[in-house]
């Protein structure tokens, strides 16, 4: 009888939607409680407690307050029966990562308000190259930079920018705005027919995905050409 009860305690015997790991896969991380997230960190429970029950015990020692839990050290954590050194280290490491992320999020990312701002973001990457490269800047609704990334690198005469790759990155980052950028090693500031055609194609695709094309910057040494400034968007 006792053996049957012990087996029932195991998370593996629960319905898939009730197991923390499976629940995360099925419903997303936001659906999990604090205890369920800690249970995933713990991995296993004890002979008499499931990982989730053990996680609840850990939380109870701090009044279910994550800030208080983050202040505990390894010695504090192993006072809870069932929490050994390895589990304590895992909890401390996870909470430290959260603290560091919180610190970084305080630093606001640069905001793009003009073609000059966009040029300054890519000029160091493009202005002195002997070959063409294509970059994108992704922004959020506040026009703050979410990500800047090189898309392709080519020869002196040109490079290929794949719209599918551009929008794959933009969608993955949940971007609201997009700025294209590439260089002309020749120093020619004029947009080619290929540049114009690509810009039109990206703008049209962006409308469908609700990702606005904000500008296309052509870098030629210390100078630049802006599609937005020239009314070409």
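In the UniProt record's numbering, the protein residues as written are 1 to 233. Glycine is no exception: its CB is placed at the ideal position from the N, C-alpha and C atoms. Please read these numbers as outputs of a predicted model, since none were measured by experiment.
Going by C-alpha positions, residue 44 is about 37 Å away from residue 146. In the three-state DSSP reduction, residue 75 falls in the helix class (H, G or I). In the three-state reduction of the DSSP assignment, residue 63 falls in the coil class.
Of the other Cβ atoms in all chains shown, fewer than 16 fall within 10 Å of the Cβ of residue 31; this residue is therefore exposed.
In the structure shown, residue 186 adopts coil according to DSSP, grouped into three states. Ranked by Cα distance from residue 91, the options 118, 109, 59 are led by 59. The three-state secondary structure of residue 214, taken from DSSP, is strand. Using a 10 angstroms sphere on the CB of residue 208, the tally of other CB atoms stays under 16, which defines it as exposed. Linking residue 49 to residue 71 through their CA atoms gives a straight-line distance of about 25 Å. In this structure, residue 179 keeps its C-beta atom at 8 Å or more from the C-beta atom of residue 124. With contact defined as three or more Cβ pairs closer than 8 Å, the stretch 133–145 and the stretch 181–200 are in contact.
For residue 203, the three-state secondary structure derived from DSSP is helix.
According to DSSP, residue pairing for residue 193 in a beta bridge does not occur. C-alpha of residue 46 to C-alpha of residue 87: approximately 12 Å in a straight line.
A residue is called buried once 16 or more other Cβ atoms fall within 10 Å of its Cβ, and residue 122 is buried on that count. In the DSSP assignment, residue 111 is bridged to 144. Here the alpha carbons of residue 28 and residue 69 stand approximately 23 Å from one another. Under the DSSP definition of a beta bridge, residue 152 partners with 134. In the DSSP assignment, residue 227 falls outside any beta strand (DSSP E), carrying neither H nor E. Assigned with DSSP and collapsed to three states, residue 177 falls in strand. Only exposed fits residue 192, as fewer than 16 other CB atoms lie within 10 angstroms of its CB. The shortest CA-to-CA distance from residue 109 to any of 99, 96, 148, 94 is the one to 148.
Per DSSP, reduced to three states, the secondary structure at residue 161 is coil, with no helix or strand assignment.
In this structure, residue 198 lies away from residue 220, with their beta-carbon atoms at least 8 Å apart.
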